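If you count the sequence shown from 1, position 61 lands on 61 in this note's numbering, and the numbers rise without skipping.
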Amino acid sequence: MTETYLLEKLKSVEQTFKELTRRLADPDIARDPNEYQEVAKARSSLEEVVNTFEEWKNTEEELKGAKEVLKE
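Structure (C-alpha coordinates):
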(Lines of atoms letter the chains of each structure in order from A and count residues from 1; the text may use other names and numbers.)
(Lines give C-alpha, C1' and ligand atoms only; values in the text may rest on other atoms or scores of the structure.)
Protein backbone atom coordinates (compact mmCIF):
# COMPACT_ATOMS: atom_id res chain seq x y z
CA MET A 1 0.00 0.00 0.00
CA THR A 2 2.79 2.44 0.92
CA GLU A 3 4.61 1.61 -2.31
CA THR A 4 1.49 2.44 -4.34
CA TYR A 5 1.10 5.76 -2.54
CA LEU A 6 4.75 6.60 -3.14
CA LEU A 7 4.54 5.76 -6.84
CA GLU A 8 1.41 7.88 -7.25
CA LYS A 9 3.10 10.76 -5.45
CA LEU A 10 6.17 10.49 -7.69
CA LYS A 11 3.98 10.41 -10.80
CA SER A 12 2.23 13.53 -9.56
CA VAL A 13 5.56 15.29 -8.99
CA GLU A 14 6.67 14.23 -12.47
CA GLN A 15 3.47 15.66 -13.97
CA THR A 16 3.94 18.93 -12.09
CA PHE A 17 7.52 19.11 -13.35
CA LYS A 18 6.37 18.64 -16.95
CA GLU A 19 3.73 21.34 -16.54
CA LEU A 20 6.27 23.77 -15.10
CA THR A 21 8.60 22.98 -18.01
CA ARG A 22 5.80 23.78 -20.47
CA ARG A 23 5.05 27.03 -18.63
CA LEU A 24 8.69 28.11 -18.90
CA ALA A 25 8.43 27.77 -22.68
CA ASP A 26 5.38 30.07 -22.74
CA PRO A 27 6.29 33.53 -24.10
CA ASP A 28 3.79 35.16 -21.73
CA ILE A 29 5.73 33.87 -18.73
CA ALA A 30 9.00 35.16 -20.18
CA ARG A 31 7.54 38.66 -20.24
CA ASP A 32 7.01 38.63 -16.49
CA PRO A 33 10.41 38.20 -14.80
CA ASN A 34 8.89 37.59 -11.36
CA GLU A 35 6.58 34.84 -12.56
CA TYR A 36 9.33 33.32 -14.71
CA GLN A 37 11.65 33.22 -11.70
CA GLU A 38 8.95 31.67 -9.52
CA VAL A 39 8.17 28.94 -12.07
CA ALA A 40 11.87 28.27 -12.71
CA LYS A 41 12.54 27.96 -8.98
CA ALA A 42 9.60 25.56 -8.51
CA ARG A 43 10.78 23.45 -11.45
CA SER A 44 14.34 23.41 -10.17
CA SER A 45 13.21 22.17 -6.77
CA LEU A 46 11.62 19.10 -8.41
CA GLU A 47 14.33 18.32 -10.96
CA GLU A 48 16.49 16.00 -8.85
CA VAL A 49 13.48 13.97 -7.66
CA VAL A 50 12.15 13.63 -11.21
CA ASN A 51 15.55 12.63 -12.62
CA THR A 52 15.98 10.01 -9.90
CA PHE A 53 12.47 8.68 -10.55
CA GLU A 54 13.27 8.40 -14.28
CA GLU A 55 16.47 6.49 -13.49
CA TRP A 56 14.50 4.18 -11.20
CA LYS A 57 11.89 3.50 -13.91
CA ASN A 58 14.64 2.75 -16.43
CA THR A 59 16.34 0.39 -13.98
CA GLU A 60 13.02 -1.39 -13.38
CA GLU A 61 12.64 -1.93 -17.14
CA GLU A 62 16.20 -3.24 -17.42
CA LEU A 63 15.55 -5.61 -14.52
CA LYS A 64 12.39 -6.92 -16.20
CA GLY A 65 14.37 -7.52 -19.39
CA ALA A 66 17.12 -9.32 -17.51
CA LYS A 67 14.57 -11.55 -15.77
CA GLU A 68 13.06 -12.45 -19.15
CA VAL A 69 16.49 -13.40 -20.48
CA LEU A 70 17.11 -15.60 -17.45
CA LYS A 71 13.82 -17.43 -18.03
CA GLU A 72 14.97 -18.51 -21.50
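Even for Gly, the Cβ is constructed at its ideal location relative to N, Cα and C.
It should be emphasised that the depicted structure is a prediction, and the values quoted were computed from it without experimental measurement.
How long is the line joining the alpha carbons of residue i and residue j, rounded to whole angstroms?
i     : j     : result
Glu61 : Val49 : 19 Å
Glu55 : Leu46 : 14 Å
Ser12 : Ala42 : 14 Å
Glu9  : Asp32 : Strictly speaking, residue 9 in this sequence is Lys, with Glu absent from that position. Computed Cα separation, rounded: 30 Å.
Glu72 : Ala66 : 10 Å
Leu7  : Asn51 : 14 Å
Thr16 : Thr59 : 22 Å
Asn34 : Lys57 : 34 Å
Quick one, are the C-beta atoms of residue i and residue j less than 9 Å apart?
i     : j     : result
Phe53 : Glu14 : yes
Leu63 : Val39 : no
Residue i: beta carbon under 8 Å from a heavy atom of the ligand NAD?
i     : result
Gln15 : The ligand NAD is not part of this structure, which contains no ligands at all.
Counting pairs of Cβ atoms below 8 Å between the segment 25-45 and the segment 1-14, do you hit three or more?
no
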